[in-house]
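Numbering (the working numbering) for the sequence shown: 77 to 486.
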Amino acid sequence: MADVYQHSFLTIAATKSHDGSQGCFSETSHQYVAKLVPGYNDIYVRRQLPLFPNHWGQLDENDGYPLLNRAWIYQEMRLSPRVLHFCNEEVIWVCQTSQRSESGCNDTDYNDGKSFKPTLFSCVNDTLRDKAQFTWHRTVQEYSRLNLTYESDKTIALAGVTQRMQRTRPDDGYLAGIWEKYLPLDLLWMVWPTPKVKKPRLARYPSWSWASVSSQVMWDGDWSPLQSVVVKDVRYTSDGPSHMGDCSISSITLHAPLIDAKSLLPTQVTPMSVWNGNISHAVTPFEDIRLEELCVNDYKPDSPPAPVRWPPAIGGFVIPLGVNVEDSFTFCGIHVIKRLGSDHYERVGHVEISHDALLMSNYTEFLSRLKRDDTPQGPDMETMQNTSRFYASRIRELLEGLKVSEIVLM
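See the structure below:
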């Protein structure tokens with residue numbers, strides 16, 4: 077069916093309908109029917125029509141487009157060169173370059189990188205190969221929030237988009253939802269937002285794949301891999317075409333530093349609790365930073381609402397994988413535990429690691445804005461930024477210098 081949508085001239089979508097029984101057509105609500113202004117012969121007014129979502133995240137704010145909340149529809153919208161949406165109040169045309177509506181209220185040209193089409197068509201655009209990782213991460217974030225009747229269809233319902241993207245990545249391998257070329261950073265997905273109801277993991281997918289969780293996922297920020305982390309082996313045997321995502325063998329062997337989860341400090345800092353007016357009295361000198369002083373400033377379990385307190389009762393290890401490119405202050409990794417009766421490990425969470433010194437210095441600007449008489453005078457921003465960079469550099473040296481172990485993720 078992917079080829080049908082891909083090679084179609086026009087896809088007609090009953091976007092207003094919850095199922096096939098409701099069809100395309102409907103009566104326009106009276107509040108959206110134009111009415112003549114009293115005393116004028118040619119001026120009409122009406123209430124502004126509902127906003128057609130410019131990106132998939134806006135679907136949470138508007139329930140008037142139920143078709144777009146279905147996961148199977150996602151790839152049909154992405155692969156179709158032109159779509160005619162029959163909505164409750166108007167018909168909307170969407171193609172690769174623009175969007176036009178009967179009312180004119182939902183007209184958009186796709187050139188800002190934030191709307192549907194830049195994501196939807198970037199997977200088939202050869203000029204965007206350098207952005208392949210970002211495009212895929214955004215694809216998964218958009219897709220994973222949508223509704224599936226059968227969770228076993230998780231990767232199958234995205235197979236058409238995956239196959240198209242494979243054509244722009246001929247030197248890469250698709251591994252149940254992630255890409256071999258971008259290991260280990262593709263392992264840094266996280267469940268977000270945290271669901272209120274516990275959802276079981278999907279056993280048919282490996283724990284290192286986002287497809288193994290029944291929740292929305294995302295990659296947060298731009299990360300650079302730690303040099304001490306090396307992918308030594310990937311064993312992956314697909315059941316059927318690789319783009320379908322089903323596999324019978326799936327393991328990733330890493331040579332990487334392992335940190336005992338219980339050795340990392342918990343931290344629940346707030347802007348008013350970390351500042352004492354003099355950073356030199358509050359933190360450890362650069363040369364004395366030790367592993368025992370690192371803390372987890374954010375933990376997101378893969379199967380929420382599991383307890384998010386740190387350290388977790390299940391123990392395990394943290395594998396640091398990357399450093400934040402934008403600020404260099406935060407290090408990111410995954411929480412793993414040993415499988416029962418096995419020497420292999422499975423992923424159970426996403427971890428951000430830092431040091432109290434960096435958390436303190438990041439709040440300096442916040443405190444300076446309070447302008448209270450009793451706020452102690454602290455170092456200037458340049459001093460604080462230099463301090464943060466020194467600490468970040470020392471922490472990276474510490475992590476890169478840890479003993480490397482071999483670990484097999486299943």
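In this text, a Cβ means the ideal position worked out from N, Cα and C, and glycines have one as well.
**OP:** Look up residue 389 in the DSSP assignment and say whether it is helix, strand or coil.
**Re:** For this step, residue 389 is matched to residue 313 along the sequence shown. It is coil, neither helix nor strand.
Original post:
If you check the beta carbons only, do residue 305 and residue 330 fall under 8 Å apart?
Top reply: Residue mapping note: residue 305 aligns to position 229 of the sequence shown, counting from 1. Residue mapping note: residue 330 aligns to position 254 of the sequence shown, counting from 1. It is a contact, given that the beta carbons lie within the stated cut-off.
Subject >> Proximal residues to residue 478 (C-beta, below 6 Å), its chain only, five neighbours per side dropped >> reply: Here residue 478 corresponds to residue number 402 of the sequence shown, with the count starting at 1. The residues 333, in chain order, have a CB closer than 6 Å to that of residue 478 in the same chain once the five nearest residues on each side in sequence are set aside.
Original post:
DSSP puts residue 313 in a beta bridge; with which residues?
Top reply: On the sequence shown, position 237 is the one that residue 313 refers to. Looking at the DSSP assignment, residue 313 forms a beta bridge with 325.
**OP:** Tell me, to the nearest whole angstrom, how far the beta carbon of residue 253 is from that of residue 321; I am working on the premise that it is less than 8 Å.
**Re:** Position 177 of the sequence shown, counted from the first residue, corresponds to residue 253. Position 245 of the sequence shown, counted from the first residue, corresponds to residue 321. Confirmed, Cβ separation roughly 6 Å.
Original post:
When we look at the beta-carbon of residue 371 and count the other beta-carbons within 10 Å, is it buried (16 or more) or exposed?
Top reply: Taking the sequence shown and counting its residues from 1, the one referred to as residue 371 is at position 295. Label assigned to residue 371: buried.
Original post:
So what does residue 332 bridge to, in DSSP terms?
Top reply: Within the sequence shown, numbered from 1, the residue matching residue 332 stands at position 256. DSSP output for residue 332 lists 481 as bridge partner(s).
Original post:
How would you label residue 385, buried or exposed, when you count the other beta carbons within 10 angstroms and need 16 or more for buried?
Top reply: Within the sequence shown, the letter at position 309 stands for residue 385. Exposed, since its Cβ has fewer than 16 Cβ neighbours within 10 Å.
Original post:
So, are the CB atoms of residue 423 and residue 378 less than 8 Å apart?
Top reply: Numbered from 1 along the sequence shown, position 347 holds the residue referred to as residue 423. Numbered from 1 along the sequence shown, position 302 holds the residue referred to as residue 378. Contact: yes.
Original post:
Pick from 413, 289, 391 and 80: whose alpha carbon is nearest that of residue 151?
Top reply: Counting from one through the sequence shown, the residue named residue 151 turns up at place 75. Of the listed residues, the one whose Cα sits closest to residue 151 is 80.
Original post:
Cα-Cα, which of 284, 280, 267 and 231 is closest to residue 319?
Top reply: Numbered from 1 along the sequence shown, position 243 holds the residue referred to as residue 319. Measuring from the Cα of residue 319, the nearest candidate turns out to be 231.
**OP:** Taking residue 474 and residue 421 to be in contact with their CB atoms under 8 Å, please state how far apart those CB atoms are, rounded to whole angstroms.
**Re:** Taking the first residue of the sequence shown as 1, we reach residue 474 at position 398. Taking the first residue of the sequence shown as 1, we reach residue 421 at position 345. Rounded, the Cβ-Cβ distance is 23 Å, inconsistent with contact.
Original post:
DSSP beta-bridge partners for residue 398?
Top reply: Walking along the sequence shown from the start, residue 398 turns up at place 322. Paired residue(s): 301 and 408.
Original post:
Rounded to the nearest angstrom, how far is the Cβ of residue 147 from that of residue 259, given a contact under 8 Å?
Top reply: The residue you call residue 147 lines up with position 71 of the sequence shown. The residue you call residue 259 lines up with position 183 of the sequence shown. About 25 Å separates the two Cβ atoms, so there is no contact after all.
**OP:** Inspect the beta-carbon positions of residue 286 and residue 216 and report whether they are closer than 8 Å.
**Re:** Here residue 286 corresponds to residue number 210 of the sequence shown, with the count starting at 1. Here residue 216 corresponds to residue number 140 of the sequence shown, with the count starting at 1. The answer is yes: Cβ separation under 8 Å.
Original post:
For residue 308, which three-state DSSP category applies?
Top reply: Position 232 of the sequence shown holds residue 308. If DSSP states are grouped into helix, strand and coil, residue 308 belongs with the strands.
Original post:
Taking only runs of the beta strand (DSSP E) that begin and end inside the segment 136-192, which ones reach a length of at least 3 residues, in chain order?
Top reply: 158-162, 167-171 and 174-177
Original post:
Which stretch, first to last residue, makes up the alpha helix (DSSP H) that contains residue 208?
Top reply: Start at 1 with the first residue of the sequence shown, and residue 208 comes out as number 132. It spans 208-220 - the alpha helix (DSSP H) in which residue 208 sits, taken as one unbroken run.
Subject >> Assigned secondary structure, residue 82 (DSSP; H/G/I helix, E/B strand, else coil) >> reply: The sequence position of residue 82 within the sequence shown is 6, counting from 1. DSSP places residue 82 in the helix class (H, G or I) of the three-state scheme.
Original post:
Taking all protein chains shown into account, do 16 or more other C-beta atoms lie within 10 angstroms of the C-beta of residue 128, making it buried, or fewer, making it exposed?
Top reply: The residue you call residue 128 lines up with position 52 of the sequence shown. Buried: at least 16 other Cβ atoms inside 10 Å.
**OP:** Check whether the Cβ atoms of residue 179 and residue 261 lie closer than 8 Å to each other.
**Re:** Translated into positions along the sequence shown, residue 179 becomes position 103. Translated into positions along the sequence shown, residue 261 becomes position 185. For residue 179 and residue 261, no; Cβs fall outside 8 Å.
Original post:
Considering only the beta carbon of each residue, do residue 398 and residue 314 sit closer than 8 Å?
Top reply: Locating residue 398 in the sequence shown gives position 322, counting from the first residue. Locating residue 314 in the sequence shown gives position 238, counting from the first residue. No; because the gap between Cβ atoms is not below 8 Å, this pair is not in contact.
Subject >> Where residue 405 falls, given that 16 or more other Cβ within 10 Å makes a residue buried >> reply: For the purposes of this step, residue 405 is taken as residue 329 along the sequence shown, with counting starting at 1. So residue 405 counts as buried.
**OP:** Would you please state the rounded distance, in angstroms, between the beta carbons of residue 429 and residue 407? I believe it to be under 8 Å.
**Re:** Within the sequence shown, residue 429 is the residue found at index 353, counting from 1. Within the sequence shown, residue 407 is the residue found at index 331, counting from 1. Yes, they are in contact, since the Cβ atoms of residue 429 and residue 407 sit about 4 Å apart, within 8 Å.
Original post:
Does the segment 110-118 come close enough to the segment 154-168 that 3 or more CB-CB pairs lie under 8 Å?
Top reply: no
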